[in-house]
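Data block below; observations after.
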């Protein structure tokens, strides 16, 4: 059961019950059809991700070449500071 603060309390009268049940059934069947149609797409995307290498070897080669050419700074303190900033979650 999900509780939402965005819903306004209402008085449910017995005469409203059949209409509410039908509406709930329609929403449920629509949601289940949408989930069923999205499921194969999700599986396809997951399979595509699994087929990719974990390391982008082309990017690694580009970075190595840039380091050799002196285009990238290899200051260990700056690198350590950047790593700490990244892993601490701050953008400073």
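Numbering (our numbering), first residue to last: 3 to 94.
The beta-carbon is built from N, C-alpha and C at its ideal position, and this holds for glycine as well.
Model, not experiment: these values are computed from the prediction.
Would you say residue 69 and residue 76 are within 9 Å of each other, going by their C-beta atoms? yes
According to DSSP, is residue 72 part of a helix, a strand, or is it coil? coil
Tell me, please, whether the CB atom of residue 67 is closer than 9 Å to any CB atom in chain C? Looking at the structure shown, chain C is missing, and only one protein chain is on hand.
Look up residue 53 in the DSSP assignment and say whether it is helix, strand or coil. helix
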